[in-house]
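Chemist:
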Amino acid sequence: NLPSKYVFFNQYRRRWGVIKPGFDAEWFFKDFRAIATPCLVPNSIKWQFCHFHKEANYKILKDAVLSLHPECRKDWTKYIEESQVLYYSNGIGMKWSDFDDYCSFLFPILDKIYNEGMREPLMLGYMSERIYTFWLKWRIGDGKIFRVPYDRLENTLL
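With positions in the sequence shown counted from 1, the corresponding number in my numbering is that position plus 1.
(1) Hey, Asp222 and Trp139: beta-carbon distance below 7 Å or not?
(2) Based on Cα-Cα distance, which residue from Asp25, Thr134 and Asn58 lies nearest to Leu41?
(3) Pick from Ala37, Tyr7 and Phe30: whose alpha carbon is nearest that of Val86?
(4) By the 10 Å Cβ neighbour count, where 16 or more other Cβ atoms means buried, how is Lys47 classified, buried or exposed?
(5) Rounding to the nearest angstrom, what Cα-Cα distance links Pro5 and Asp25 in this structure?
(6) Could you have a look at Phe24 and say whether DSSP puts it in helix, strand or coil?
(7) For the putative contact between Met124 and Asn58, defined by C-beta atoms under 8 Å, what is the C-beta separation to the nearest angstrom?
(8) So Pro43 is in the alpha helix (DSSP H); what residue range does that whole segment cover?
(9) Quick check on Gly118: buried or exposed, where buried means 16 or more other Cβ atoms within 10 Å of its Cβ?
(10) What is the residue span of the beta strand (DSSP E) that Val8 lies within?
(11) To the nearest angstrom, how far is it from the Cα of Cys73 to the Cα of Leu67?
(12) Over what stretch of residues does the beta strand (DSSP E) that includes Tyr88 continue unbroken?
(13) Using alpha carbons as the reference points, say which of Ile114, Val149 and Ile132 lies closest to Thr78.
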């Protein structure tokens with residue numbers, strides 16, 4: 002029942018406690034531009050990615066982002082190589098105009114990664130979470146992100 006100028010979605014089995022009947026998106030988005038769920042990873046997002054996946058896959062991701070957006074090099078270092086805050090599960094709440102900007106950023110990068118031989122669906126998903134984290138911090142800024150926890154449905158069922 003939210004106005005169509007907003008988009009909200011997140012991974013299945015997750016829901017945000019903030020989105021309840023009567024949620025006033027018009028009022029909310031005067032102060033914030035996005036809703037996301039943060040997670041602190043050990044050391045850095047880069048370290049976490051390389052630790053659980055191959056460092057070569059991290060290089061593919063970084064090269065794809067920076068080859069399409071070379072102006073982001075300093076920000077990539079700040080938000081991915083030095084930061085521990087990861088926005089995971091691709092949970093999104095924002096205006097459609099911001100979502101369009103995000104998709105315009107995301108899909109050329111994923112297309113480049115795919116065309117260069119990365120065809121593992123799970124790896125593309127992991128990469129897209131890192132791209133989402135980077136885009137949120139780079140384009141929106143931490144001060145405009147409303148951080149909410151997920152209610153895990155498996156933890157709320159009796």
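Backbone N, C-alpha and C fix where the C-beta goes; we use that ideal spot for every residue, glycine too.
Modeler: Taking the definition as stated:
(1) No statement about residue 222 is possible, as the shown extent of the chain runs from 2 to 159 and does not include it.
(2) Working through the sequence shown from its first residue, we reach residue 41 at position 40. Looking only at Asp25, Thr134 and Asn58, the smallest Cα-Cα distance to Leu41 is reached by Thr134.
(3) One-based indexing of the sequence shown puts residue 86 at position 85. Checking every option, the nearest Cα to that of Val86 belongs to Ala37.
(4) Indexing the sequence shown from 1 puts residue 47 at position 46. A buried status is given to Lys47, since no fewer than 16 other beta-carbon atoms sit within 10 Å of its beta-carbon.
(5) Sequence index remark: in the sequence shown, residue 5 carries index 4 (1-based). Sequence index remark: in the sequence shown, residue 25 carries index 24 (1-based). Inspection of the sequence shows that residue 5 is occupied by Ser rather than by Pro. In this structure, the alpha-carbon of Ser5 lies about 13 Å from that of Asp25.
(6) Taking the first residue of the sequence shown as position 1, residue 24 is located at position 23. In the structure shown, the three-state DSSP call for Phe24 is coil.
(7) Within the sequence shown, numbered from 1, the residue matching residue 124 stands at position 123. Within the sequence shown, numbered from 1, the residue matching residue 58 stands at position 57. At roughly 6 Å, the Cβ-Cβ gap stays under 8 Å, so Met124 and Asn58 are in contact.
(8) Stepping through the sequence shown from its first residue, residue 43 is reached at position 42. Looking at the DSSP string, Pro43 is not in any alpha helix (DSSP H), and its letter there is neither H nor E.
(9) By 1-based counting over the sequence shown, the position of residue 118 is 117. By the 10 Å Cβ count, Gly118 comes out exposed.
(10) Stepping through the sequence shown from its first residue, residue 8 is reached at position 7. Counting along the chain, the beta strand (DSSP E) containing Val8 begins and ends at Tyr7 to Phe10.
(11) As a working mapping, residue 73 is identified with position 72 in the sequence shown. As a working mapping, residue 67 is identified with position 66 in the sequence shown. Taking the straight line joining both Cα atoms gives about 7 Å.
(12) Indexing the sequence shown from 1 puts residue 88 at position 87. Start and end: Val86 to Tyr88.
(13) Along the sequence shown, read from residue 1 onward, the residue named residue 78 stands at position 77. Cα-wise, what sits closest to Thr78 is Ile132.
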